[in-house]
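S.K.: The opening residue of the sequence shown carries number 5 in my numbering; numbering runs sequentially from there.
Yeah, the Cβ is synthetic: ideal placement off N, Cα and C, and Gly gets one too.
In this text the structure is predicted, and so the values were computed from the model without any measurement.
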Amino acid sequence: MSRVTVGDPRDVADGMNLAGAFMPLACTPEGGVFKAAMVAPQYDIQINGVWIEKPGERIHLDVGRVPGFSSLWFRGVSVNGDEIAVMAFGQEAVTTVTTGEKPESQAYMLVFDRQGGFVKSIELHLSFTPYHFAVLRSGDFVMTGVDEGNKVPKAAVVSTGGEVIAYVDMGLETQDAYAKSYGQISLGAAADAADAASRAVTGISRNDDMSKLGLQQLIPAGDDVLLLSPFTALPVIEVGDAGVVRTTKIQTPKGMRVDGLIAGGSRWLVMLTGGPLAQRYSYYEVSSSTGEVLRKYEMPEKFEPVCATEESLIGFTAGTGDRKGKMELLLGQW
């Protein structure tokens, strides 16, 4: 077993208080962490970006103040390349005389530059409700969500114009496949607090059948994006601009399932549990080409990695003393 060594806190990210622990985050290949936070009193959504290797470099995005919208409902953030993308549901501001009816809420991608400036909005033209997304190096998007009419999950590569380029077969596109892979998952009462936070911020509940259809995770990795269906035996799918690049079956120990995956360059760190209600993960590095377990890692107490580079693991911990109530960033060597 290998032990991860962690240094002193390298930065305290403004706005990353403990109330934001359940808010979405995004990682960048060069060790950046973008974390959403709710800001009182209006409870606007702000996104703060920091780099563990560049403590003085910060980015601040005020999602709630994007021009042209009367309201925005934040759904997620992803960074890969020179642009920062934020997915949101919203209503465009009405500038002409109308019948008094409110415009319909639509799914949009809001694009910002690396200085935090708003660049453009992209209306998404999808046949499914998007839950998660990640940006490809090219600027196109990989999205997962739910066809709510048929109650089956969907995944697709979506262009910078908001149109579907190609659909991705996740192995879950029928009710029978869903029932076999996800039907036995029950998150239970212990997840109520996290579920309430998730529903309040993103509108997504993890405790109903529809949410199980949207549990997929998308992880930027180099030029492509990895698609993981946690708690199942399904392979990790690497998705590029044209669709599926390859699949990798993770060789989990008996009785264990993959709950999450962090990509650091060509290295994969997977979080394994015996089920959705496990109190603590077991961390393993696996081969990104074969899925074979390479080594198990022991993490220091209260350190849970959320992002990685080829050399480092990045995690949050609760601040103490005059930093109490903050989420501190820590750097670990693996």
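(1) Out of Phe116, Ser75, Ala30 and Gly85, which has the shortest C-alpha to C-alpha gap to Ala97?
(2) How many Å lie between Gln188 and Pro157 at the Cα?
(3) Taking 8 Å as the threshold, find out whether the region 5-12 comes into contact with the region 294-307 through three or more Cβ pairs.
(4) For Ala319, which of helix, strand or coil comes out of DSSP?
(5) Taking the alpha carbon of Ala312 as the point to measure from, which residue in Leu273, Gln119 and Asn84 has its own alpha carbon closest?
(6) Could you tell me whether the Cβ of Gly35 comes closer than 9 Å to any Cβ of chain D?
(7) Can you give the Cα-Cα distance for Ser142 and Gly85, rounded to whole angstroms?
(8) Can you tell me whether DSSP reads Gly72 as helix, strand or coil?
(9) If we ignore side chains and look at the alpha-carbon of each, how far apart do Val70 and Arg299 end up?
(10) Quick one: give me the first and last residue of the beta strand (DSSP E) that Leu130 is part of.
(11) Helix or strand or just coil, what does DSSP make of Asp196?
(12) Residues in its own chain within less than 7 Å of Ala246 by CB, not counting five upstream and five downstream?
(13) Taking the DSSP output, what are the residues bridged to Trp55?
(14) Can you grab the Cα-Cα spacing for the pair Phe93 / Phe78, in whole Å?
(15) Would you grab the beta carbon distance between Leu114 and Val67 for me? Rounded to a whole angstrom, and I think it's under 8 Å.
(16) For Glu108, which of Gln95, Arg62 and Val297 has the nearest alpha-carbon?
(17) Leu140: which of Ala41, Cys31 and Val262 sits nearest, CA to CA?
(18) Determine, using beta carbons only, whether Gly2 and Ser270 come nearer to each other than 9 Å.
(19) I need the straight-line Cα distance from Phe122 to Phe116, nearest angstrom please.
(20) If you follow the beta strand (DSSP E) that Trp272 is part of, which residue opens it and which one closes it?
(21) So what does DSSP say about Gly325, is it helix, strand or coil?
(22) Can you name the residues that DSSP bridges to Pro257?
M.R.: On the basis of the supplied data:
(1) Distance from the Cα of Ala97 is smallest, within the candidate group Phe116, Ser75, Ala30 and Gly85, for Ser75.
(2) For Gln188, the pLDDT reaches just 49, beneath the cut-off of 50, and the residue's location in the model is therefore unreliable, leaving the point undetermined.
(3) These segments touch.
(4) With the sequence shown as reference, residue 319 is identified as Gly, and Ala is not the correct amino acid for it. Residue state, collapsed to three classes: strand.
(5) Among Leu273, Gln119 and Asn84, the Cα nearest to that of Ala312 belongs to Leu273.
(6) Of the protein chains in the structure, only one exists, and it is not chain D.
(7) So the two alpha carbons sit approximately 8 Å from each other.
(8) In the structure shown, the three-state DSSP call for Gly72 is coil.
(9) Their backbone Cα atoms lie some 45 Å apart in a straight line.
(10) Note, Leu130: premise wrong, no beta strand (DSSP E); not H, not E.
(11) Interpretation of Asp196 is limited by its pLDDT of 49, a score under 50 that renders its predicted location unreliable; no figure is taken from the coordinates.
(12) These residues qualify, in order along the chain: Ala170.
(13) Answer is Gly36 and Lys58, bridged to Trp55.
(14) Phe93 and Phe78 have their alpha carbons spaced roughly 7 Å apart.
(15) Correct: roughly 7 Å between the Cβ atoms.
(16) Cα-wise, what sits closest to Glu108 is Gln95.
(17) Nearest option by C-alpha distance: Cys31.
(18) Residue coverage of the chain in this structure runs from 5 to 338, which leaves residue 2 outside it and unanswerable.
(19) If I take the Cα positions, the gap works out to 4 Å.
(20) Start and end: Arg271 to Thr277.
(21) DSSP places Gly325 in helix when its eight states are reduced to three.
(22) Note: Pro257 sits in no beta bridge, so no partner.
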